[in-house]
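K.L.:
Per my numbering, the sequence shown runs over residues 7 to 513.
Glycine included, each C-beta is placed from N, C-alpha and C at the ideal position.
Supplied in structure tokens, the structure appears directly below.
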Amino acid sequence: MDTPVGRALLRLTGVSLVAVAIVGVVAPRAVNVAHRPLVVVPATLGLLALAVLARVPGWAKSRWLPAATAVGGAVVAGAVGMMTGYRYGWDARVVMDMARALQAGRPLTTDDYDYLSLYPNNVPLLAIDRMGVAVGQAFSLSPDAILVPLNAACVGVTLYAVHLVVVRVAGRGPAFAAQLATLVLVGTSPWLAVPYTDFYAMPFVAGGVALAVKALAPGPRASRIVLWSLSVVCVAVAYTIKTTPVVVAIAGVLTAVVAIFDHDLLPGRRAGVIAACAVSMAAFVGVGLGLSAAATTVSGVDSSRIDATATPPILWWVALGADGQRTPGGVVNYGAYSRQMVDAVTHSDQEQMRAYAAGFLGDRWAERGLGGTLAFYGNKAAWNWGDGMFWAWGEGPDSLPGALAPATGLTGAVHELNGFHGSGYPLRVDLTQALWLAVLLVAGVGLLRAPYRRETLLLAVSVLGIAAFTLVLQGRSRYLFAFVPLVVALAGTVHSSLPRPGRRPRT
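Structure representation (structure tokens):
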């Protein structure tokens, strides 16, 4: 049975993805690396044609292949990450330096605690980094030698979760194709060399959705409750590591509420589902709080020195998301990090930060008006979603010459392909961009034609949620990175609804 709300959400997500993909093809917003339309456009159209016309060979549907792809993908990711290794900067370096200090028995400085007060969400990352430092010391290795393979392991789990999501709806062929696309977009990324929250959260995002998809399907009630509970825990872990997965929790509840109207249920049963959703959200919050407390303990920080009143309120993050900055290279950053706005609220209390944020938003409205505001956020959506490299080399000083040490052989080849100044990087970026735009078009067009299914709705609302998060709050394409597997999985689930000569969409 269909539901008007469910179908409307599918179509809204489809229209949104098609819109940002078309802009990415015909009028891309500049990011930290240039795209060459003469390469990107034909490559995108070629991949789109391949998605419409090609058939997955029979050998790609074997039962052993999903696990083998996940393991092989993890190996590839680990090799790429280790060979791309460089001295990263920004928050990743700040937190790693804290972890080294704590593991060496040195207390954190006042500046360190000021940073953690401003960004308390990085305490779980500090706990992971400190464990990486400790394990590395035990084996006389650097922390990166421990944490980069952990990134790779996260890729492997994510690849298998993508298979589990897609195979239930579309079968083994599209599931294998989705694994390969995820491997290219995620498992070969320069981000593999950086121990940060994106990869650590990724398997819990994809795994949580895979468990929820299974729980939403018909089956024994007891097993569905267990699966749903495990899904809640997974998403809570992801949220503890990184803030953005909160949208998956919201998407899960919304999908469950919509699902009670897609088949006949007595009013009492419907009330029970709504009550279960309320319990799920309470459990999500409770698990998240417990994990945050555990992370604080593991990290070794003095929690009494983390000043909660110095943490910016939500309104400040909205204001930060409304700020436009032009870099010396001419790239406009729509609602990204602003050093000036951070400095403006440093050592301020909550009321002062709210007043500053409200004043800033008022100034932007007076400056832009309704039309200018709509144009800004339209450009921001296109900018966030129009970067298939997801801001690789875009943070801090990472893109400066010399970030990668000179190398030869296979490592040198990886540097040429994955290094910001590598000779093969421009072509690698263009082809990856084409793959990303093709994925967006497959997902968007497929959603416009796909029948309503709970699994598809959960994926679509999760994608719509991260789009809204990055649109309203501070964001850039890196904030989408942990959700790329879900976008690819969404494309895989609706692939069969693409228009194809001689075929009607499934209903």
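Give me whichever residues DSSP pairs with Gly-330 in a beta bridge.
P.N.:
Sequence index remark: in the sequence shown, residue 330 carries index 324 (1-based). Tyr-340.
K.L.:
Give the DSSP-derived three-state secondary structure of Arg-506 in the structure shown.
P.N.:
Walking along the sequence shown from the start, residue 506 turns up at place 500. DSSP places Arg-506 in the strand class (E or B) of the three-state scheme.
K.L.:
Roughly how many angstroms lie between the CA atoms of Val-200 and Val-154, to the nearest whole one?
P.N.:
Here residue 200 refers to the residue found at position 194 when the sequence shown is read from its first residue. Here residue 154 refers to the residue found at position 148 when the sequence shown is read from its first residue. The alpha-carbon atoms of Val-200 and Val-154 are separated by roughly 7 angstroms.
K.L.:
Does the region 360-377 touch the region 315-323, meaning 3 or more C-beta pairs lie closer than 8 angstroms?
P.N.:
yes
K.L.:
Give me the Cβ distance between Ala-328 and Ser-22, rounded to the nearest whole Å; I'm assuming they're in contact under 8 angstroms.
P.N.:
The residue labelled residue 328 in the question sits at position 322 within the sequence shown. The residue labelled residue 22 in the question sits at position 16 within the sequence shown. Wrong, their Cβ atoms sit about 20 angstroms apart, outside the cutoff.
K.L.:
Using C-beta distances below 7 angstroms, list every residue in its chain close to Asp-118, excluding the 5 sequence neighbours before and after it, in chain order.
P.N.:
Your numbering for residue 118 matches position 112 in the sequence shown. Answer for Asp-118: Met-104, listed in chain order.
K.L.:
Mark Gln-439 as exposed unless 16 or more other C-beta atoms lie within 10 angstroms of its C-beta, in which case mark it buried.
P.N.:
Position 433 of the sequence shown, counted from the start, is the residue given in the question as residue 439. Buried, by the Cβ-count rule.
K.L.:
Is the separation between the beta-carbon of Val-192 and that of Thr-164 shorter than 8 angstroms?
P.N.:
In the sequence shown, residue 192 corresponds to position 186, counting from 1. In the sequence shown, residue 164 corresponds to position 158, counting from 1. Contact flag set, yes.
K.L.:
Does DSSP put Asp-97 in a helix, a strand or coil?
P.N.:
Taking the first residue of the sequence shown as position 1, residue 97 is located at position 91. DSSP, read as helix, strand or coil, puts Asp-97 in helix.
K.L.:
State the Cα-Cα distance for the pair Gly-258 and Ala-25, rounded to the nearest angstrom.
P.N.:
The count along the sequence shown starts at 1 and reaches residue 258 at position 252. The count along the sequence shown starts at 1 and reaches residue 25 at position 19. Those two C-alpha atoms are separated by around 25 angstroms.
K.L.:
Write down the C-beta distance between Ala-176 and Thr-499 rounded to the nearest angstrom, noting that I regard them as a contact closer than 8 angstroms.
P.N.:
As a first step, residue 176 is located in the sequence shown; it is residue number 170 there, counting from the start. As a first step, residue 499 is located in the sequence shown; it is residue number 493 there, counting from the start. About 5 angstroms; that satisfies the 8 angstroms criterion.
K.L.:
Quick check on this structure: which residue in Pro-505, Val-490, Leu-504 and Arg-506 has the alpha carbon closest to the alpha carbon of Thr-2?
P.N.:
Only positions 7 to 513 of the chain appear in this structure, which leaves residue 2 out of reach.
K.L.:
Given this structure, state the Cα-to-Cα distance separating Lys-248 from Trp-389, to the nearest angstrom.
P.N.:
Looking up residue 248 in the sequence shown gives position 242. Looking up residue 389 in the sequence shown gives position 383. Spanning the two alpha carbons is a distance of roughly 22 angstroms.
K.L.:
I'd like to know whether the C-beta atoms of Ala-151 and Ala-83 end up nearer to each other than 8 angstroms.
P.N.:
Here residue 151 is taken as the residue at index 145 of the sequence shown, counted from 1. Here residue 83 is taken as the residue at index 77 of the sequence shown, counted from 1. Taking 8 angstroms as the cut-off, the beta carbon of Ala-151 is found no closer than this to the beta carbon of Ala-83.
K.L.:
Enumerate, from N- to C-terminal direction, the unbroken alpha helix (DSSP H) stretches of 4 or more residues contained entirely within the region 188-270.
P.N.:
203-222, 227-247 and 252-265
K.L.:
Given a cut-off of 8 angstroms, decide if Gly-95 and Pro-403 are closer than it, judged by their beta-carbon atoms.
P.N.:
By one-based count along the sequence shown, residue 403 stands at place 397. By one-based count along the sequence shown, residue 95 stands at place 89. Closer than 8 angstroms, so yes.
K.L.:
Between which two residues does the alpha helix (DSSP H) holding Ile-280 run?
P.N.:
Sequence index remark: in the sequence shown, residue 280 carries index 274 (1-based). Its alpha helix (DSSP H) spans residues 273-305.
K.L.:
Taking only the alpha-carbon atoms, compute the straight-line gap between Pro-511 and Leu-504 and give it to the nearest angstrom.
P.N.:
As a first step, residue 511 must be located in the sequence shown, where it is residue number 505. As a first step, residue 504 must be located in the sequence shown, where it is residue number 498. For Pro-511, the predicted structure reports a pLDDT of 48, less than 50, and the residue's modelled location is therefore unreliable. A value from the coordinates is still provided. Answer to the nearest angstrom: the Cα atoms are 7 angstroms apart.
K.L.:
Within a Cβ cutoff of 8 angstroms, which residues of the same chain sit near Thr-513, ignoring the five residues on either side of it in sequence?
P.N.:
As a position in the sequence shown, residue 513 is number 507, starting the count at 1. Reliability fails at Thr-513, whose pLDDT of 49 lies under 50, so the model's placement of it is uncertain and the value that follows must be treated cautiously. Excluding sequence neighbours, Thr-513 sits near Pro-457.
K.L.:
Under a three-way DSSP split, which group does His-353 fall into?
P.N.:
The count along the sequence shown starts at 1 and reaches residue 353 at position 347. Coil at His-353, not helix or strand.
K.L.:
In terms of alpha-carbon separation, which member of Gly-450, Gly-278, Val-469 and Gly-52 lies closest to Ala-27?
P.N.:
In the sequence shown, residue 27 corresponds to position 21, counting from 1. Cα-wise, what sits closest to Ala-27 is Gly-450.
K.L.:
So for Tyr-362, helix, strand or coil by DSSP?
P.N.:
Indexing the sequence shown from 1 puts residue 362 at position 356. Looking at Tyr-362 - three-state DSSP - the assignment turns out to be helix.
K.L.:
Mapping the DSSP letters down to three states, classify Ala-144 as helix, strand or coil.
P.N.:
Taking the first residue of the sequence shown as position 1, residue 144 is located at position 138. Shown here, Ala-144 sits in a helix according to DSSP, grouped into three states.
K.L.:
Are at least three pairs of beta-carbons, each pair with one atom in the region 279-291 and one in the region 225-238, less than 8 angstroms apart?
P.N.:
yes
K.L.:
Between Leu-15 and the ligand FMN, is the CB less than 7 angstroms from at least one heavy atom?
P.N.:
This structure lacks the ligand FMN, and indeed carries no ligand of any kind.
K.L.:
Output the distance between the C-alpha atoms of Ala-110 and Pro-149, rounded to the nearest integer angstrom.
P.N.:
For the purposes of this step, residue 110 is identified with residue 104 of the sequence shown, where counting begins at 1. For the purposes of this step, residue 149 is identified with residue 143 of the sequence shown, where counting begins at 1. When only Cα atoms are considered, Ala-110 and Pro-149 end up about 13 angstroms apart.
K.L.:
Let me confirm a value: Ala-265 is counted as buried when at least 16 other C-beta atoms fall within 10 Å, else exposed. Which label applies?
P.N.:
Counting from one through the sequence shown, the residue named residue 265 turns up at place 259. Looking at its Cβ environment, which holds 16 or more other Cβ atoms inside 10 Å, Ala-265 is buried.
K.L.:
Determine, using beta carbons only, whether Val-215 and Val-171 come nearer to each other than 8 angstroms.
P.N.:
Here residue 215 is taken as the residue at index 209 of the sequence shown, counted from 1. Here residue 171 is taken as the residue at index 165 of the sequence shown, counted from 1. Yes, the Cβ-Cβ distance between Val-215 and Val-171 is below 8 angstroms.
K.L.:
Start and end of the alpha helix (DSSP H) containing Leu-124?
P.N.:
Position 118 of the sequence shown holds residue 124. If you look at Leu-124, you'll find it in the alpha helix (DSSP H) that goes 116-124.
K.L.:
Determine, using beta carbons only, whether Gly-580 and Leu-326 come nearer to each other than 8 angstroms.
P.N.:
This structure leaves residue 580 out entirely; the chain is present only between 7 and 513.
K.L.:
Label Val-46 either buried or exposed according to how many other C-beta atoms from any shown protein chain fall within 10 Å of its C-beta, with 16 as the threshold for buried.
P.N.:
Counting from 1 along the sequence shown, the entry for residue 46 is found at position 40. Flag for Val-46 reads buried.
K.L.:
My output table needs one value for Ser-429: the three-state DSSP class, helix, strand or coil.
P.N.:
Counting from one through the sequence shown, the residue named residue 429 turns up at place 423. DSSP places Ser-429 in coil when its eight states are reduced to three.
K.L.:
Among Asn-38, Ala-316, Ala-419 and Leu-433, which one has its Cα closest to the Cα of Leu-44?
P.N.:
Here residue 44 is taken as the residue at index 38 of the sequence shown, counted from 1. The shortest Cα separation from Leu-44 among Asn-38, Ala-316, Ala-419 and Leu-433 belongs to Leu-433.
K.L.:
Could you have a look at Ile-312 and say whether DSSP puts it in helix, strand or coil?
P.N.:
As a first step, residue 312 must be located in the sequence shown, where it is residue number 306. Note: Ile-312 maps to coil in three-state DSSP.
K.L.:
Taking buried to mean at least 16 other C-beta atoms within 10 Å of its own C-beta, is Gln-4 buried or exposed?
P.N.:
One cannot answer for residue 4 here, as it falls past the ends of the chain, which runs 7 to 513.
K.L.:
Quick check on the burial criterion: 16 or more other C-beta atoms within 10 angstroms. Buried or exposed for His-421?
P.N.:
Your numbering for residue 421 matches position 415 in the sequence shown. With 16 or more Cβ atoms within 10 Å of its Cβ, His-421 is classed as buried.
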